[in-house]
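Okay, structure first, notes after.
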Amino acid sequence: RGAIVPLVMAEEKKKRKLKVLCLHGSGTNKEFMNFLQMSMSCLRTLCDWYYMDGTVEADPFPSIKPYLKLIKQDTFFSWLKKSEDGSKYTGFDEACEVVIDEAKRLDADLLLGFSQGSIIASIVGEKLFNDGKVKGVISVCGVDPKRGGDKFSVPSFHIVGKTDSLRERSLKLYDLFSGAKELVEHEAGHKFPSSRETDIADKVNKFLAGV
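First residue of the sequence shown: 796, per our numbering; consecutive thereafter.
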């Protein structure tokens, strides 16, 4: 009889919307991440989206300053600290620990990361995928971790900006994934794709339906 409980729980999980935990980029915050995703509003009905702040308090990233008047949250965060020469990151363990705890608390199905947030989404997603907790990862303008040894088998969907100055790092992150994966490019830079790029939304929908 004891085996009936997990089967019932599995059926309930199938019926509910997917839960996606979203991780913002460097020098921003959870409210700005929510604002960025408005361009993909067509996906909002498909999933329940959750947001959290990074672990390192930071100055606002220069490119977001024109948008600060559009959000209320006035503290900004990163997930990792950069070395003085920018060649490596520190703080992986601390960032991953809090995200793992939040993903487990939410019973999240997927992780979505933007820019630096994609690093943590990839690392945590891999661990929780191997533990049977998470089904996939979505990376938007992600960047590579700048450290050796990272390999990911978790199913993944990668969105890369054609004119993004960090495009090569997005491709490096993509190359670290060996499992089922897909890459699409949008027409702009370091941002979410426009709502007009419905072909990308359709492909994200297909990925979500398949996890």
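Positions of the beta carbon are idealized from the N, C-alpha and C atoms, including for glycine.
Asked, Found
"Would you decide whether Glu852 is buried or exposed? Buried here means 16 or more other CB atoms lie within 10 Å of its CB.", "exposed"
"Going by C-alpha to C-alpha distance, which of Leu865, Ala898, Ser934 sits closest to Lys1007?", "The chain is shown only over 796 to 1006; residue 1007 falls outside these bounds and no answer can be derived."
"With 16 other CB atoms within 10 Å as the buried threshold, where does Met847 fall?", "buried"
"May I have the straight-line CA-CA distance separating Met833 from Gly943, to the nearest angstrom?", "34 angstroms"
"Report buried or exposed for Asn925, applying the criterion of at least 16 other Cβ atoms within 10 angstroms of its Cβ.", "exposed"
"Are Pro950 and Ala975 close, meaning C-beta to C-beta below 8 angstroms?", "yes"
"Which runs of the beta strand (DSSP E) spanning at least 3 residues fall entirely within the region 817 to 850, listed in chain order?", "842 to 847"
"Taking Cβ to Cβ, would you say Gly928 is nearer than 8 angstroms to Leu831?", "Just to set this straight, residue 928 is Lys in the shown sequence, not Gly. Contact flag unset, no."
"With DSSP run on the structure shown, which of helix, strand or coil describes Val1006?", "coil"
"Rounded to whole angstroms, what's the CA-CA distance from Phe871 to Gly822? Just pull it up for me.", "5 angstroms"
"Hey, could you find the ends of the beta strand (DSSP E) Glu977 is sitting in?", "976 to 981"
"How would you write the range of the beta strand (DSSP E) that Ser934 sits in, first residue to last?", "931 to 935"
"Would DSSP call Lys908 helix, strand or coil?", "According to the sequence as given, residue 908 is Gly; it is not Lys. Three-state result, Gly908: strand."
"Ser873 bridges to which residues according to DSSP?", "Val851"
"Taking just the CA atoms, how far does Cys842 sit from Lys876?", "31 angstroms"
"For Ile1035, list the residues DSSP reports as bridge partners.", "Any question about residue 1035 goes unanswered here, given that the chain covers just 796 to 1006."
"Once DSSP output is grouped into helix, strand and coil, what is the label at Lys814?", "strand"
"Does the distance from the CB of Arg964 to the CB of Val932 come in under 8 angstroms?", "no"
"Do the region 911 to 923 and the region 882 to 901 touch if we need at least three Cβ pairs shorter than 8 angstroms?", "yes"
"Rounded to a whole number of angstroms, what is the C-alpha to C-alpha distance between Lys860 and His981?", "23 angstroms"
"For the alpha helix (DSSP H) holding Glu892, just list the boundary residues, first then last.", "887 to 901"
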